[in-house]
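Counting along the sequence shown from 1, when you hit position 30 you're at 12 in this note's numbering, and nothing is skipped either side.
All C-beta atoms in this analysis are idealised placements derived from N, C-alpha and C, irrespective of residue type, glycine included.
Contents: one structure, followed by commentary.
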Amino acid sequence: MKLNFIAILFLAQSIFFVLADANATSVSCFTDNACNDVSCGRAGTKDNWKSTGTDAKCVVADCSNLNQGNQVSNNACASCYTNSNPPNIYSNNAGTACVTSNCLYLTFNRKMTTQDCVICVGIGSEVNPDNSTCTASTLTLKSSKLSYYSQLLLVSIIVIMFTI
């Protein structure tokens, strides 16, 4: 029973990533009659943007590209993750993952906390005395590796369930 519960949790996580682009929200970055990396910022892969039509807004074409450690902008995160709770609508300091805190705002306004450092930089990081920078931990996993390992664990659990 416990194994089934764990498998359901990982399956729900996988479904969340698949449904992310189904819930994409339009953002105001339409410039020079185009939705692209120049006007909206990087969205995982090159020019992963499309126009929403007459309202002159843009939306990420494939939100799954934001989950692989690729470069992502605040616009891309805002387009894909507004339905999360809390919403992951900002890019982290490295620009490789969507997070709940506005890392750039916290950095420039010297309002960073250790909790924000964990969100913006990674597990084990701590805020420096200047409240604008973080000391990164050597234990930090990249989001692409974390996603890979969680998917590998999900497949392993499913295989074990069918062999029992």
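Quick one: give me the first and last residue of the alpha helix (DSSP H) that residue i is part of.
i, result
"V20", "19 to 22"
"S46", "Per DSSP, S46 belongs to no alpha helix (DSSP H) and is neither H nor E."
"I101", "96 to 102"
"S61", "56 to 62"
Reducing DSSP to helix, strand and coil, say where residue i ends up.
i, result
"Y87", "helix"
"T122", "Low confidence applies to T122: its pLDDT is 40, below 50, so where it sits in the model is not reliable enough to give any reading."
"S33", "strand"
"C116", "strand"
"K(-16)", "In this prediction, K(-16) scores a pLDDT of 44, lower than 50, which makes its location untrustworthy; the coordinate-derived value is nonetheless stated afterwards. Reduced to three states, the DSSP call for K(-16) is helix."
"A6", "coil"
In the DSSP assignment, find the beta strand (DSSP E) that holds residue i and state where it starts and stops.
i, result
"C40", "40 to 42"
In the DSSP output, which residue or residues are listed as bridge partners for residue i?
i, result
"Y72", "V81"
Do residue j and residue i count as a contact pair if the criterion is CB distance below 8 Å?
i, j, result
"C45", "S8", "no"
"C85", "C62", "no"
"T82", "N70", "yes"
"G23", "N57", "yes"
"C116", "M94", "yes"
"S55", "S73", "yes"
"A38", "W31", "no"
"N65", "T27", "no"
For residue i, would you say it is in contact with chain B, using Cβ-to-Cβ distances shorter than 8 Å as the test?
i, result
"F12", "In the structure shown, chain B does not exist; there is a single protein chain."
Would you mind giving the Cβ-Cβ distance between residue i and residue j, rounded to the nearest angstrom? I have them listed as a contact below 8 Å.
i, j, result
"N75", "V103", "6 Å"
"E108", "T89", "At roughly 14 Å, the Cβ-Cβ gap does not stay under 8 Å, so E108 and T89 are not in contact."
"S21", "D29", "Contact doesn't hold; Cβ gap of about 10 Å is too wide."
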